[in-house]
Structure formats: C-alpha cells, structure tokens
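Below is one structure, written out as structure tokens; comments come after it.
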Amino acid sequence: MSWQDRSLSFSSSRCSEDNKDYEINPEFINRNDRCLEYKNLLPRRKGWQYQRPTKEFYYRLTINPTAAKIEAILEHSSGRKVVSASSAEWAIRQFLYSGRDLSAAVNLGRVFAERCLKAGIVSAFYDPNTDVHGSEKVKVILKALEEAGIQIGEDEVFEKKFRPGINYDGKNRLGEGKRPDDVQIIQ
C-alpha cells in the first residue's frame, strides 16, 4: 500500500463522524477585524485635526505617476501594502505600447481594480491633496476603478449608542439562558 492510499483512507475515516448532536450558538459574535472593517463597525484610527496625510481610513489609495511609470498602491491603516500595480511590472508592461501614457493608466486602473476585488476590497479612501490631483492619468485611473466597482471614499463608521446600566432582562452569559422564575432567594 503506497503512502497516497494510506493518507486517503485515513482522511476518509476521520471525516465520517456525524455532527448532528452539535448545536450552533445563536449569539455568535464574529471578532474578525476584516469583517468589522467591511461592515464599517471597527473604529478608525484618528490623528490630529490638521494632520496630513490623514490617518482616518481602512484602506488608502495612492497613485504615483512618474516620468517612466505609473504606480497604484493600496495601503492598510496598519501601514502594510495590501495591493499594488505598476506599469513597470512585466505582466502589465508586455501588453502596453508605453508605460506612461493614458492608455497605460486606463489598463493599470482595470488591473488594479481586479486585484482589489480579488482581495475582497470594495472601497478605498483617496486623498486628492497628497497626490498629483490635477493629473489626467490620476483621473483616468480613478474612473477605471469606479467603473470596475471600487468605491472611492469610505462610508462613515457606525458608532454604537452608549446605554448606561446593566441589562437585567437579557441573558447573563454567552450561551446561558435566563434564570428560571421559580428560584427563591433567601436573605
């Protein structure tokens, strides 16, 4: 018996158990930060009022047109580069006549939008004060992103309303029911 046959027989015997006796908790709370960002529930990092560039975003779009190439970068609020595309990349450059004209900007915007959508990002913050906002190439890239379904600008964060006090009518702990009414408290 080869090792492939043994691994297949082991995995099939392991997965044959029934899961009928398991119950899913109806009060499940997803604490994944990515899920909270997508729903605009995660508080954004805030800086000072006149701080430039602003820090109040989940994903920031930066477009850098230079004399030799055009580059688009999507940066997370933690400072990591999430998605990038450049007209200097060979996968893009081989289909372009020039790496710095308007047709390169349009195609770069389409490729960048496709990469963002594959990463699950549908909106990004763009600050026109930090980039070359008068550039025709930047306008064409932003138009290509919007046509592909990427929202330029992020929605407002939903803030929880503060309710002081303790909820005595609700459940005590996660997964625990209400206290029965027939319990007598001795004082």
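In my numbering, the protein residues as written are 7 to 193.
Note that beta-carbon positions come from the ideal geometry of N, C-alpha and C, so glycine has one too.
Predicted model only: the values in this text are computed from it and were never measured.
query	result
Would you kindly check if the distance between the Cβ of Leu80 and the Cβ of Ala130 is under 8 Å?	yes
Quick check on DSSP: helix, strand or coil for Ile98?	helix
Give every residue of the same chain whose Cβ lies closer than 6 Å to the Cβ of Ser13, excluding the five residues on either side of it in the sequence, and list them in chain order.	Because the pLDDT at Ser13 is just 49, under 50, the model does not fix this residue reliably, and the value given afterwards should be weighed accordingly. Hits under 6 Å: none found.
Given that a residue counts as buried once 16 or more other Cβ atoms are within 10 Å of its Cβ, and exposed if not, what is Leu47?	exposed
Do Ala73 and Arg106 have their C-beta atoms within less than 8 Å of each other?	yes
When the Cα atoms are used, what is the spatial distance from Ala91 to Tyr28?	46 Å
Check whether the Cβ atoms of Ala154 and Leu123 sit closer than 8 Å, and answer yes or no.	yes
Only counting the same chain, and skipping five residues up and downstream in sequence, which positions put a Cβ closer than 7 Å to that of Pro59?	Asp133, Thr136
Determine the DSSP secondary structure at Ala78, reduced to helix, strand or coil.	strand
Here's the rule I'm using: 16 or more other beta-carbon atoms within 10 Å means buried, otherwise exposed. How should Glu30 be labelled?	Reading off the sequence, residue 30 comes out as Ile, not Glu. That one is exposed.
Between Val117 and Gln157, is the Cβ-Cβ spacing less than 8 Å?	no
On the DSSP bridge assignment, give the partners of Arg66 in chain order.	Glu81, Phe131
What residue from Gln55, Ala78, Tyr56, Arg99 has the CA that sits closest to Arg2's CA?	The structure shown does not extend to residue 2, since the chain is modelled only from 7 through 193, so no value can be given for it.
How close, in whole Å, do the beta carbons of Glu33 and Arg50 come, if the pair is a contact with beta carbons under 8 Å?	That belief does not hold up - the Cβ atoms of Glu33 and Arg50 are roughly 27 Å apart, past 8 Å.
If you measure between the beta carbons of Ser93 and Lys75, is that distance less than 8 Å?	yes
Got a sec, what are the start and stop residues for the beta strand (DSSP E) Ser90 sits in?	87-92
Suppose the cutoff is 6 Å on Cβ atoms and the five residues either side in sequence are ignored; what does the same chain contact list for Ile69 look like?	Ala78, Asp137, Val144, Ile147
Using a Cβ-Cβ cut-off of 8 Å, state whether Asn31 counts as contacting chain B.	Protein chain content of the structure displayed is limited to a single chain, and chain B is not contained in it.
Rounding to the nearest angstrom, what Cα-Cα distance links Ser18 and Asn25 in this structure?	Legend: pLDDT at Ser18 = 49, less than 50; position of this residue unreliable, value from coordinates given subsequently. One C-alpha to the other measures close to 15 Å.
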